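**Q**
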Amino acid sequence: MPVAWATLRRTWTMTGRAYPWSYAVGCLLTGILTIGLSYLALHAVGGGTVAADFTARTGGADYLGYIAIGAGAFMFTVRMLLWSSKALITEQRQGTLGALLVAPAGRLPYLLGFTGFALANTVVEVGLLGGFAALLGITLPACQPLAALAGVLALAFAVFALSVVLGALMIVAGEAHISQNTVFLAVSLLCGITFPNSYLPEPARLLAETLPVTSAMDVLRGALSHGAGLADLAPRLLTCLALGAGYLLLGLLVLPGAERRAIERSY
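Numbering (the numbering used here), first residue to last: 31 to 297.
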């Protein structure tokens, strides 16, 4: 825990001094534009109603609530992945990866420190996005707080597990943008962010089930939109945790080899 806390404090201090407010505003605008444009499309194009097909697939006609949950979860996922997965490649770019590897600090606590900072930072941004949604009259009347909290924690665990695998891939490849953007695109298309993944062809739906974000989204939507309790959501919650544990184990197994490969490439 001392390593995780020290990493969190260092990252918080560096970010507060180095990153301009425009960066945070730009990140927030993605979610705001998603919700805002969906609001305009519903009322200006759809006449305030949704197709019966959408209602049948989602179990409700609250299109804007569906979009708001998806936009908030996607912002959460992207921001968490950005910070957590780029921890090691940032050290590599700064020339400090070798020093980090020989330091008497475990890799998992170090990564947890980055993730703790990302969680604190992202919760604030998602809260602001929720405030914007509230200004448009978007509400979640059937919210189950305990189940929703479980969904958020499951999503955070799922994203952290993915970030460990992605971080190992990035330091081996020596690049971040293509790897990260590929994962972001896959999550946005497959995991039911802005439309039900039941619209996807069968192979894509099967691929979506291999990503723990998909089951985490099911838990969040069930808790926030349909008032489902923990007992009802337990199967999807367990699926998310099992997949997340698998990704985390895979990441921790391949990370030492990825670090060695990254050091070899630097010489």
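The beta carbon of each residue, even a glycine, is placed where N, CA and C say it ideally should be. Computed from a prediction, not measured in an experiment: that's the story for all the values here.
Please work out which residues of its chain come closer than 7 Å, Cβ to Cβ, to leucine 280, disregarding the five sequence neighbours upstream and downstream, and give them in chain order.
**A** What you label residue 280 is simply residue 250 of the sequence shown in a count that begins at 1. If we look at leucine 280 and ignore the five residues flanking it on each side, its Cβ neighbours are Val195.
**Q** Out of Met200, Met247, Thr269 and Pro233, which has the shortest C-alpha to C-alpha gap to threonine 107?
**A** Walking along the sequence shown from the start, residue 107 turns up at place 77. Ranking Met200, Met247, Thr269 and Pro233 by Cα distance to threonine 107 puts Met247 first.
**Q** Cβ of glycine 95 versus every heavy atom of the ligand PLP: is any distance shorter than 7 Å?
**A** The ligand PLP is not part of this structure, which contains no ligands at all.
**Q** Go to histidine 256, then tell me how far its alpha helix (DSSP H) extends in each direction, as first and last residue.
**A** Here the question's residue 256 lines up with position 226 in the sequence shown. Segment: none, histidine 256 is in no alpha helix (DSSP H) and carries neither H nor E.
**Q** At which residues does the alpha helix (DSSP H) containing asparagine 227 begin and terminate?
**A** Residue numbering aside, residue 227 sits at position 197 when the sequence shown is read from its first letter. No alpha helix (DSSP H) holds asparagine 227; DSSP gives it neither H nor E.
**Q** According to DSSP, is aspartate 92 part of a helix, a strand, or is it coil?
**A** For the purposes of this step, residue 92 is taken as residue 62 along the sequence shown, with counting starting at 1. Coil.
**Q** Tell me where the alpha helix (DSSP H) around proline 303 begins and ends.
**A** With the chain covering only 31 through 297, there is no way to say anything about residue 303.
**Q** Assuming contact is defined by CB atoms lying nearer than 8 Å, are leucine 63 and leucine 94 in contact in what I supplied?
**A** Residue numbering aside, residue 63 sits at position 33 when the sequence shown is read from its first letter. Residue numbering aside, residue 94 sits at position 64 when the sequence shown is read from its first letter. Contact: no.
**Q** Hey, is the segment 179-195 in contact with the segment 260-275, meaning 3+ C-beta pairs nearer than 8 Å?
**A** Taking 8 Å as the limit for Cβ pairs, the verdict is that the segment 260-275 does touch the segment 179-195.
**Q** Here's the rule: buried if 16 or more other CB atoms are within 10 angstroms of the residue's CB, otherwise exposed. What is valine 75?
**A** Your numbering for residue 75 matches position 45 in the sequence shown. Per the 10 Å Cβ criterion, exposed.
**Q** Any contact of the segment 282-289 with the segment 252-264, i.e. 3+ C-beta pairs under 8 Å?
**A** The segment 282-289 vs the segment 252-264: no contact.
**Q** According to DSSP, is proline 134 part of a helix, a strand, or is it coil?
**A** What you label residue 134 is simply residue 104 of the sequence shown in a count that begins at 1. Three-state DSSP puts proline 134 in coil, outside helix and strand.
**Q** So, using beta-carbon positions, are valine 202 and alanine 292 closer together than 8 Å?
**A** In the sequence shown, the residue the question calls residue 202 occupies position 172. In the sequence shown, the residue the question calls residue 292 occupies position 262. Cβ atoms of valine 202 and alanine 292: closer than 8 Å.
**Q** Are the CB atoms of valine 33 and tyrosine 140 within a distance shorter than 8 Å?
**A** The sequence position of residue 140 within the sequence shown is 110, counting from 1. The sequence position of residue 33 within the sequence shown is 3, counting from 1. Yes.
**Q** Between serine 115 and glutamine 210, which are expected to be in contact by the criterion C-beta below 8 Å, what is the C-beta distance as a whole number of angstroms?
**A** Against the sequence shown, residue 115 aligns to sequence position 85. Against the sequence shown, residue 210 aligns to sequence position 180. About 7 Å separates the two Cβ atoms, so the contact holds.
**Q** Over what stretch of residues does the alpha helix (DSSP H) that includes isoleucine 168 continue unbroken?
**A** By one-based count along the sequence shown, residue 168 stands at place 138. Isoleucine 168 -> no alpha helix (DSSP H), and no H or E assigned at all.
**Q** Beta-carbon separation of alanine 163 and isoleucine 65 under 8 Å?
**A** Here residue 163 refers to the residue found at position 133 when the sequence shown is read from its first residue. Here residue 65 refers to the residue found at position 35 when the sequence shown is read from its first residue. A contact, by the Cβ cut-off of 8 Å.
**Q** Note down the Cα distance separating glycine 125 from threonine 152, rounded to an integer number of angstroms.
**A** The sequence position of residue 125 within the sequence shown is 95, counting from 1. The sequence position of residue 152 within the sequence shown is 122, counting from 1. If I take the Cα positions, the gap works out to 27 Å.
**Q** In the DSSP assignment, find the alpha helix (DSSP H) that holds leucine 118 and state where it starts and stops.
**A** On the sequence shown, position 88 is the one that residue 118 refers to. 117-124 is the span of the alpha helix (DSSP H), which, as asked, contains leucine 118.
**Q** Apply the 10 Å Cβ neighbour rule to cysteine 221 and answer buried if 16 or more other Cβ atoms are within range, or exposed otherwise.
**A** Taking the sequence shown and counting its residues from 1, the one referred to as residue 221 is at position 191. So cysteine 221 ends up on the buried side.
**Q** Near leucine 176, which residues of its chain fall below 7 Å by C-beta distance, leaving aside the five closest residues on each side in sequence?
**A** Here residue 176 refers to the residue found at position 146 of the sequence shown. So the list reads Leu260, once near-sequence residues are dropped.
**Q** If I follow the unbroken alpha helix (DSSP H) through threonine 212, where does it start and stop?
**A** On the sequence shown, position 182 is the one that residue 212 refers to. Where threonine 212 is concerned, the enclosing alpha helix (DSSP H) stretches over 207-220.
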